[in-house]
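In the working numbering, the protein residues as written are 226 to 448.
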Amino acid sequence: MNNLAKKSLWAVFLIFLSITLISQEAPTKEEEETEKEKFEFSGDSTSINLKEGQEKTTLRGNARIISGSTEIKADIIEITGQKFEYAECKNNITVTNRDKGLFIKCNQLNFDRKKNISTIVGFVEMIDKENNLIVRGNYLQDDGEADITIIQIGVRIIKDDIICRSEFARFNRETKELELTGSPFVKKGNDEYRAKRIILNTETDEIRLEGKASAKVSGSEEE
């Protein structure tokens, strides 16, 4: 074999090796979609009704569903829809989203897999590790596609030395803005803020007051 042939063969080998490494390291679009749509369920006891138009699966005891990066555990989970799109979860519920670093505890949750929306009625606690937030309230709706969480009724949010209280809160994970309305109150260290609307940037800790506002800063009070 002459030198030109050897060089050509070596070049072909290097191209083949590069393609092989790229295909191993980078998941294809199809693989990403498959991971996103992955759905599993299990329970100590399972009943399934496959009659058209009445599809329903009931899981009892250590009930668990996995949808993409979201795992939900509960005492009872009822799944409905032709493609298992909707889940109603009851009692001792925990929700873990490994991609967004979310952990939720509650007792009643409705999960729409098609829209990736979780709705919780009743006391709920959410830990957002990515944004270093502890969130408590009595109603929560998390839109996984829009990256927006709504919390209502007796809202309490803690971030480091910042404590927020209000009746309504809206958190945008993309902009990192936490909007508080309904008698909002924010305390940062010894400083206190009140206004018609308060916006907190959870990345910079910047606090913006809108409407009639008052602040008590380092022992002084301003309006």
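Backbone N, C-alpha and C fix where the C-beta goes; we use that ideal spot for every residue, glycine too.
With distances taken between CA atoms, Lys276 lies nearest to Thr305 out of Asn287, Thr305 and Phe266. Along the length of the segment 297 to 360, whole beta strand (DSSP E) runs at least 3 residues long occupy 311 to 322, 327 to 337 and 342 to 353, reported in chain order.
With respect to the C-alpha of Gln377, the residue from Thr406, Lys401, Glu355 and Ile387 having the closest C-alpha is Thr406. DSSP places Lys413 inside the beta strand (DSSP E), whose first and last residues are Phe410 to Lys413. Burial of Glu404 is indicated by the presence of at least 16 other C-beta atoms within 10 angstroms of its C-beta. Secondary structure note for Ala288: its beta strand (DSSP E) is the uninterrupted segment Lys281 to Ser292. Taking C-beta separations shorter than 6 Å and ignoring five residues to either side along the sequence, the partners of Pro409 in its chain run Ser391 and Ile423, following chain order.
Excluding residues up to 5 positions away in sequence, Ile424 lie with their Cβ nearer than 6 Å to the Cβ of Arg433 in the same chain.
Here Asp353 is buried, its C-beta having at least 16 other C-beta atoms within 10 Å. If you draw a 10 Å sphere on the C-beta of Val442, you find fewer than 16 other C-beta atoms in it, and that means exposed.
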